[in-house]
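Take a look at the structure set out below.
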Amino acid sequence: MREIGHFIGGQHVAGKSGRTADVFQPMTGEVIGKVALASADELRAAVENAKAAQPAWAATNPQRRARVLMKFLDLVQRNYDELAELLAREHGKTIPDAKGDIQRGLEVVEFACGIPHLMKGDYTEGAGPGIDIYSMRQPLGVVAGITPFNFPAMIPMWKFGPAIACGNAFILKPSERDPGVPMRLAELMMEAGLPAGILNVVNGDKESVDAILDDPDIKAVGFVGSSSIAEYIYARGSAHGKRVQAFGGAKNHMIIMPDADMDQAADALIGAGFGSAGERCMAISVAVPVGEETADRLVEKLVPRVEALKVGPSTDLAADFGPLVTREALNRVKSYVDAGVSEGAKLLVDGRNFTLQGYEDGFYMGGCLFDRVTPDMRIYKEEIFGPVLSIVRAADYREALRLPTEHEYGNGVSIYTRDGDAARDFAAKVDVGMVGINVPIPVPLAYYTFGGWKRSGFGDLNQHGPDGVRFYTKTKTVTSRWPSGIKDGADFVIPTMG
Ligand code: NAD
């Protein structure tokens, strides 16, 4: 059984708190490791290491900092297969999907390699008599990232890539459910030439998270996870004067207009609804066909596709999706399906009793499809985070637009149509942070920013893209004048350029 401790000051450190959590292999249900849960003192030790190392890293010129990231990209590529397998075994997603998880993280690190350009400030010559003004971006110091189980490679890289490129030292508190890949990424950063103490991984639960939120030396916290925890992180972190961005859960709708290509729409719903067993914050969990006839045509296309989904172990390259992350998650998702049935939704495909021969203890369920779900039902209002797709029939376009707009979550949304006017109107009016037009999972690429609205995101700046650099830096503005431009005598009036 693997013992997973922490990675502090450039080396592996065994946990000292005496508290651990089991790490499961969801495809078999076995416990394959024990991860240490850090105490507040262990978190503090990581902060001390980070604080001591950060000034020299900030003083390293940005091209050299970028070269470390370039080398890291190369090392991850060389270790791709090993990382993807480790990820799939701890998380449960399939190996090809695990590769996508790693790839989307690497793309943000690639973006961060442009840090010499991204951190450039502005300059105005002659803003007043003999006066020049310039601005510069400076790192914050020690910053932290707290990440969820569902993207154990991508989201840590979204956080530490830009933060470290900017000259900060980073404390990563990954999910205790799949800590293996974050630890390997930290090792690879060291191998790439990162100085000790610049990337520390502290494994843990609420105790270490609270220690991060309260630590006066941690200047910013980037969080991704469920909304209730995100809200807590935002409130407690900002009460301590930290910069906080906290991204939460989701209920992503896909609107299917009557003119949509129904095969394309159904295929998109299958991939976006059931990929990774629905454990994606950008998974589509609600399909909104517009008009009864569209709904009937969609149902006809969806039912055989959901029935044909191939659920298999994470190592089965032909599987569409694998198990859920834990037995607790599996039971939670099944109980939502039970709730939908008792609330009166029509369960067209029932995956609750699925078992996989030879893997009877794995955390599997089949795909579930509900029709005639209504906005007052719990299965519509709450995030299920499993392979369950709900159809909410809308009478017309206005009702379809109103559903995601009025939902408490506002992460992603999509519309399938051939009508450019409808798509344009939808993109402009819907109250959701990321919109897809004939694209089911509109995750913006690394050079745009990613972030949901309403209860899907707390804080002002998004993750990655230009916002990632803004979040992990502060701007200083310098107004300068040289003696030849200075008049004699004190001036008691506020300076203006008028
Ligand atoms: P989670 O909220 O349970 O855990 C996230 C992190 O918070 C973990 O590191 C965990 O250790 C920590 N944590 C858990 N309980 C805590 C507590 N009581 N106090 C302090 N810290 C605590 O989320 P999860 O189950 O790991 O991830 C799934 C959730 O993340 C889903 O809701 C999903 O939608 C969301 N998510 C959102 C995005 C996004 O960008 N909006 C991306 C991925 C996942």
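Numbering (our numbering), first residue to last: 124 to 621.
C-beta atoms are modelled at their ideal positions from N, C-alpha and C, and glycine is treated no differently.
Taking Phe-573 as the reference, give the member of Ala-286, Arg-521, Phe-370 with the closest Cα. Comparing Cα positions, the closest option is Phe-370.
In chain order, which continuous runs of the beta strand (DSSP E) of length 3 or greater are located wholly inside the segment 421-493? Correct list: 469-472.
Could you tell me how far apart the beta carbons of Ala-169 and Leu-263 are, in whole angstroms, since I believe they sit closer than 8 Å? The beta carbons of Ala-169 and Leu-263 sit about 16 Å from each other, so the pair does not count as a contact at 8 Å.
Please specify which runs of the alpha helix (DSSP H), each continuous and at least 4 residues long, are wholly inside the segment 487-541, giving them in chain order. List check, alpha helix (DSSP H) in window: 501-504, 520-529.
Just checking Phe-508 against the ligand NAD - is the residue's beta carbon closer than 7 Å to any of the ligand's heavy atoms? Checking the Cβ of Phe-508 against the ligand NAD gives yes.
Determine the burial state of Gly-543: buried for a count of at least 16 other Cβ atoms within 10 Å of its Cβ, exposed for fewer. Within 10 angstroms of the beta-carbon of Gly-543 lie fewer than 16 other beta-carbons, which makes it exposed.
Compute the beta-carbon to beta-carbon distance between Ala-161 and Gly-141, rounded to the nearest angstrom, for a pair I have assumed lies under 8 Å. Not a contact, Cβ separation roughly 11 Å.
Is it the case that the Cβ atoms of Leu-209 and Val-232 are separated by a distance below 8 Å? In this structure, Val-232 does not lie closer than 8 Å to Leu-209 by Cβ.
Going by DSSP, what residues sit across from Tyr-246 in a beta bridge? Its beta-bridge partners are Tyr-257.
Distance, Gly-588 Cα to Asp-390 Cα: Whole-angstrom Cα-Cα distance: 29 Å.
Determine, using beta carbons only, whether Ala-373 and Cys-404 come nearer to each other than 8 Å. In contact: Ala-373 and Cys-404 (Cβ atoms closer than 8 Å).
Give a yes or no on whether the C-beta atoms belonging to Ala-400 and Pro-446 are separated by under 8 Å. Going by C-beta atoms, Ala-400 is nearer than 8 Å to Pro-446.
Would you identify the three-state DSSP class for Met-630, choosing helix, strand or coil? Since the first residue shown for the chain is 124 and the last is 621, residue 630 is missing from the structure and cannot be characterised.
If you reduce the DSSP assignment to three classes, tell me which class Ile-393 lands in. Three-state DSSP puts Ile-393 in a helix.
Taking the Cβ atom as the reference point for each residue, do Leu-526 and Val-411 lie within a distance shorter than 8 Å? Yes, the pair counts as a contact, with Cβ atoms nearer than the cut-off.
Proximity below 8 Å, CB of Ser-579 to CB of Asn-534: In contact: Ser-579 and Asn-534 (Cβ atoms closer than 8 Å).
What do you reckon, is the C-beta of Pro-275 under 7 Å from a heavy atom of the ligand NAD? With a cutoff of 7 Å, Pro-275 does not count as near the ligand NAD, since its C-beta is closer than that to no heavy atom of the ligand.
7 Å CB neighbourhood of Gly-251 in its chain, flanking five on each side removed: Excluding sequence neighbours, Gly-251 sits near Met-620.
Is any non-hydrogen atom of the ligand NAD found closer than 7 Å to the C-beta of Glu-299, if you look at the structure I gave you? Under cutoff, so the answer is yes.
Between the Cα of Asp-439 and the Cα atoms of Tyr-503, Met-150, Ala-181, which residue gives the shortest distance? Considering only alpha carbons, the answer is Met-150.
Touch check for the segment 295-307 and the segment 272-283: three-plus C-beta pairs under 8 Å? As far as the Cβ criterion goes, the segment 295-307 touches the segment 272-283, which means the pair count is three or higher.
From Arg-307 to Leu-206, what distance separates their C-alpha atoms? Distance between the alpha carbons of Arg-307 and Leu-206 is about 8 Å.
How about Ala-383 and Tyr-539: do their beta carbons lie closer than 8 Å? The Cβ atoms of Ala-383 and Tyr-539 lie closer than 8 Å to each other.
Roughly how many angstroms separate the alpha carbons of Phe-508 and Gly-467, rounded to a whole number? Each residue's CA atom was taken as its position, placing Phe-508 and Gly-467 some 20 Å apart.
Do Asp-328 and the ligand NAD come close, with the Cβ less than 7 Å from some heavy atom? Asp-328 Cβ: within cutoff of the ligand NAD.
Backbone secondary structure at Asn-323 - three-state DSSP: Three-state result, Asn-323: strand.
Which residues in the same chain have their Cβ closer than 6 Å to the Cβ of Ala-181, if we skip the five residues on either side of it in sequence? Excluding residues within five positions, the ones whose Cβ falls inside 6 Å are Pro-262, Gly-290.
Kindly give me the distance between the Cβ atoms of Gly-325 and Leu-166, rounded to whole angstroms, as I take these residues to be in contact under 8 Å. The residue asked about is misnamed: residue 325 is Val in this sequence, not Gly. Correct: roughly 5 Å between the Cβ atoms.
Candidates Ile-341, Val-460, Thr-602: which alpha carbon is nearest Gly-253's? Considering only alpha carbons, the answer is Thr-602.
Identify every run of the beta strand (DSSP E) within the segment 561-610, keeping only runs that are complete inside it and at least 3 residues long; order them along the chain. Runs of the beta strand (DSSP E) inside the segment 561-610: 596-604.
For Lys-424, which residues from the same chain have a beta carbon less than 7 Å from its beta carbon, with the 5 sequence-adjacent residues on both sides left out? These residues qualify, in order along the chain: Met-385, Asp-386, Ala-389.
Output the distance between the C-alpha atoms of Glu-354 and Ala-189, rounded to the nearest integer angstrom. If you take the alpha carbons of Glu-354 and Ala-189, they lie about 33 Å apart.
Range covered by the beta strand (DSSP E) that runs through Ile-225: For Ile-225, no beta strand (DSSP E) encloses it; the enclosing alpha helix (DSSP H) starts and ends at 218-235.
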